[in-house]
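**Student:** Its first residue numbered 332, the sequence shown is counted upward by one per residue in this note's numbering.
Handing you this structure, nothing more for now.
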Amino acid sequence: MTARIIDGNELARRVRAEVAARAAVLSGAGRPPGLAVILVGEDPASAVYVRNKVKDCEESGIRSVLDRLPADTSEAALLARIEQLNRDPSIHGILVQLPLPPHLDAHRVIETIAPEKDVDGFHVSNAGALMTGTPRFRPCTPYGVMKMLEHAGVLLDGAEAVVVGRSNIVGKPQAMMLLERNATVTICHSRTRDLAAHCRRADVLVAAVGRARMITGDMIKPGAVVIDVGMNREPDGPNAGKLCGDVDFASASQVASAITPVPGGVGPMTRAMLLVNTMEAAERAA
Ligand code: GUN
């Protein structure tokens, strides 16, 4: 069997077109949606992500403000800037790109963002709202994964879903969203005994570990749907340095019924869902 490819680029294009239409309505009413993106330091991957987010905004009719702060920015200065954006009525979403330099406390930084502008969905009140069944902003990556599953017509009700990874950004919120859709959810992580056995039970497998090609075809149930959240660099071999996922695509695509590629899978959907969350924030404010 060769798996069907779930095309993130194509779906993201559709989502962006819907956002653009909604943004035009607000802009026409004199209330253009606005997103502030803060990047602290020079991490090259973060710089690329942030540049792409700003570019997406431009193409969708969302006004964006990019703050590039030096790596040695003090916590007080960063918090003061966030508080200023919290008060700015032209800004509806605030995103602080992670990871932050080690001298900054990411938790305190995130908690300073006004929850109604936390378009990443990382604030404890947004995380708690998702957990208790009254979601406001869903974190963009797992939200994008849910859109892809929906678009691909994947049945979640009663399905065995396995999430590999327990981060606050992906694994934990992903598990909550799958549970919301009545999947039976298992969260695996670095201390899980016999990861392969858990993975082989999954009808839907979401890999979000950050290790190149660690999920191989022999760990996948025939016919499963495989979602690859990984954004790794090939460590060695002829493709050294190229982007690759957490899933070994060559072997996995022989076993799965549907699979997301890297690049062109989850990544573009993460970016698209940030635009959706920003639109939601702007519409609620308007
Ligand atoms: N770093 C990796 N993923 C994300 C994300 O979704 N949002 C932010 N702010 N930083 C990230």
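Cβ atoms here follow ideal geometry from the backbone N, Cα and C, with glycine treated the same way.
Suppose only complete runs of 4+ residues qualify. What are the alpha helix (DSSP H) ranges in the segment 388-434, listed by chain order?
**Tutor:** Listed in chain order, the complete alpha helix (DSSP H) runs (minimum 4 residues) inside the segment 388-434 are 406-418.
**Student:** Could you please give me the residues that DSSP links to G365 through a beta bridge?
**Tutor:** The count along the sequence shown starts at 1 and reaches residue 365 at position 34. Paired residue(s): R394.
**Student:** Quick one: what does DSSP say A492 is sitting in, helix, strand or coil?
**Tutor:** To locate residue 492, count along the sequence shown from 1; it is residue 161. Residue state, collapsed to three classes: strand.
**Student:** According to DSSP, which residues form a beta bridge with T515?
**Tutor:** Within the sequence shown, residue 515 is the residue found at index 184, counting from 1. Beta-bridge pairing links T515 to E491.
**Student:** Kindly indicate which residue of V607, V535 and E611 has the alpha-carbon position closest to the one of T591.
**Tutor:** On the sequence shown, position 260 is the one that residue 591 refers to. Checked all of V607, V535 and E611; the closest Cα to T591 is V535.
**Student:** Look up D559 in the DSSP assignment and say whether it is helix, strand or coil.
**Tutor:** Against the sequence shown, residue 559 aligns to sequence position 228. In the structure shown, D559 sits in a strand (DSSP, three-state: E or B).
**Student:** Compare the Cα-Cα distances from M562 to each of R418, P401 and V597 and report the closest residue.
**Tutor:** One-based indexing of the sequence shown puts residue 562 at position 231. Answer by Cα proximity: V597.
**Student:** To the nearest angstrom, report how far apart E389 and M507 are at their CA atoms.
**Tutor:** On the sequence shown, position 58 is the one that residue 389 refers to. On the sequence shown, position 176 is the one that residue 507 refers to. Whole-angstrom Cα-Cα distance: 32 angstroms.
**Student:** Which stretch, first to last residue, makes up the beta strand (DSSP E) that contains V621?
**Tutor:** Because the chain is modelled from 332 through 617, residue 621 falls outside the range shown and cannot be assessed.
**Student:** Going by Cα to Cα distance, which pick from D449, F580 and G489 is closest to A612?
**Tutor:** Position 281 of the sequence shown, counted from the start, is the residue given in the question as residue 612. It is D449 whose Cα lies nearest to the Cα of A612.
**Student:** Just to confirm the assignment, what range does the alpha helix (DSSP H) spanning V607 have?
**Tutor:** In the sequence shown, the residue the question calls residue 607 occupies position 276. Unbroken alpha helix (DSSP H) run through V607: V597 to A616.
**Student:** From the DSSP output, in three-state form, read off R564 for me.
**Tutor:** Numbered from 1 along the sequence shown, position 233 holds the residue referred to as residue 564. Strand.
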